[in-house]
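Note sheet for the following structure.
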Amino acid sequence: MNWTLRIFVTRKHLQSISWRRRKGWIYWSTTLLCSCCHNFLQFNGISNLQNTRITDLGNPQLNVDGVQDNMAINYLGPLVFTQTLLPLLESTAADGADVGSDGHKDVSYLDYSSKEAWNHKFKWTMLPTLERYKYSKLAVHLWTNNLAKRLTADKSKVIVLLVHPGAILSDGAIRSLKTLPVPKFWIWLLGTMMYPQEQGGFTTVFGAGAPRDNAEISHGAYIFPPNVAKVQAPGALDEARQKLLFEVTKGILKSADVSVNGCT
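As structure tokens, this is what we get:
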């Protein structure tokens, strides 16, 4: 049977584990992650790891390492989590799924060359929160595509997927709409075109449950509702930009004194 791994940590659990939180994202130690997941992986033969998305709160802040929250939460958090678990995924020939977004195709600001570029606020756009979100999701696409290539070069048995949840009227989307004039109108209007949050995991469940011989499942595939493989936008397929983002990411992690598997 195929499984999707999610780790839920309650306040009670936080009292008994060693962890270090920085504003905007959480650095989980390799030891903690492995201890949380080791038995699950060995017992169930995990086939899918999902990174859930979180949007910024409409008021972008810098964490203590000087990274704006949209990039810290939506990009760096999933990267640290996934890269740390890769050795365990390798041990079970597992599949990994990162949650992307179709919004990645709409990003026109494509500079990922520095921390200052990551902190672009998009303040002259109609919905800055949404634009920051899409920018961070393009980063997820770029990194995941690069990861797929690196795993192929290493002859890894892990299959990496990108999944788009669809047009979801999430809490984050509603927060963005509340910044507009007459927010109730916009929430109602988009509610007629977007899907409820409960449907946001459909593509991920498909990625977890579909056998590897499914025509839509292949290494590096981008799964789009209704569970079909789709070609990503050219900006996400730019290999030079993928490599540049990864090199800048490694530098930021090093300066933050965060040691991450595969990012040294």
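Sequential numbering of the sequence shown, starting at 1, is according to UniProt numbering.
Every residue gets a Cβ at the ideal spot worked out from N, C-alpha and C, and that includes glycine.
Enclosing alpha helix (DSSP H) for residue i [first to last residue]
i, result
"F122", "No alpha helix (DSSP H) contains F122, which DSSP labels as neither H nor E."
"I223", "Counting along the chain, I223 falls outside any alpha helix (DSSP H), though it belongs to the beta strand (DSSP E) covering Y222 to F224."
"A210", "No alpha helix (DSSP H) contains A210, which DSSP labels as neither H nor E."
"G77", "G77 to S91"
Residue i (DSSP reduced to helix, strand or coil)
i, result
"G235", "helix"
"N51", "Low confidence applies here, because N51 scores a pLDDT of 47, under 50, leaving its location unreliable and the question unanswered by this model."
"N39", "Residue placement at N39 is flagged as unreliable, the pLDDT there being 47, under the threshold of 50; a coordinate-derived value is accordingly withheld."
"D98", "strand"
"I217", "coil"
"K178", "coil"
"K155", "coil"
"L244", "helix"
"L127", "coil"
"C263", "coil"
"G201", "coil"
"G45", "At G45 the pLDDT is 43, less than 50, meaning the model places this residue with poor confidence; the figure from the coordinates comes in the next sentence. It is coil, neither helix nor strand."
"S256", "Inspection of the sequence shows that residue 256 is occupied by Ala rather than by Ser. A256 falls in the coil class under three-state DSSP."
"V107", "coil"
"G251", "helix"
Chain B within 9 Å of residue i, Cβ atoms only
i, result
"L127", "The displayed structure is made up of one protein chain only, and chain B is not part of it."
Residue range of the unbroken beta strand (DSSP E) whose run includes residue i
i, result
"I159", "I159 to V163"
"Y112", "Element bounds for Y112: n/a, residue is neither H nor E."
Cβ neighbour criterion (16 or more within 10 Å) applied to residue i
i, result
"E247", "exposed"
"P181", "exposed"
"P128", "buried"
"E131", "buried"
"I46", "At I46, the pLDDT of 42 sits below 50, so the modelled position is not reliable; the number obtained from the coordinates is stated separately. Buried, since its Cβ has 16 or more Cβ neighbours within 10 Å."
"A97", "buried"
"N59", "exposed"
"G251", "exposed"
"S259", "exposed"
"G24", "The predicted model places G24 with a pLDDT of 42, which falls under 50 and marks its position as unreliable; any figure quoted below should be read in that light. The residue is buried, with at least 16 neighbouring Cβ atoms inside 10 Å."
"F185", "exposed"
"A210", "buried"
"T84", "buried"
"A72", "buried"
"L189", "exposed"
"T264", "exposed"
"V80", "buried"
"W28", "With a pLDDT of only 41 at W28, under 50, the local geometry of the prediction cannot be trusted, and no value is derived from it."
Sub-9 Å separation of residue i and residue j beta-carbons
i, j, result
"V158", "L151", "yes"
"G262", "L86", "yes"
"G166", "G200", "yes"
"A240", "L162", "no"
"Q242", "L142", "yes"
"N63", "K137", "no"
"F122", "Y112", "no"
"Y109", "G172", "no"
"M193", "I168", "no"
"A233", "E216", "no"
"P225", "H164", "yes"
"Q68", "W118", "yes"
"G66", "K115", "yes"
"T144", "V160", "yes"
"G207", "I223", "yes"
Sheet register partners of residue i (DSSP bridge)
i, result
"L62", "Q68"
"I168", "Y195"
"residue 289", "Any property of residue 289 remains undetermined from this structure, which presents the chain solely from 1 to 264."
Check: residue i C-beta below 8 Å from any heavy atom of the ligand FMN
i, result
"T92", "Inclusion of the ligand FMN in the displayed structure is not the case, the ligand content being empty and no account of it being possible."
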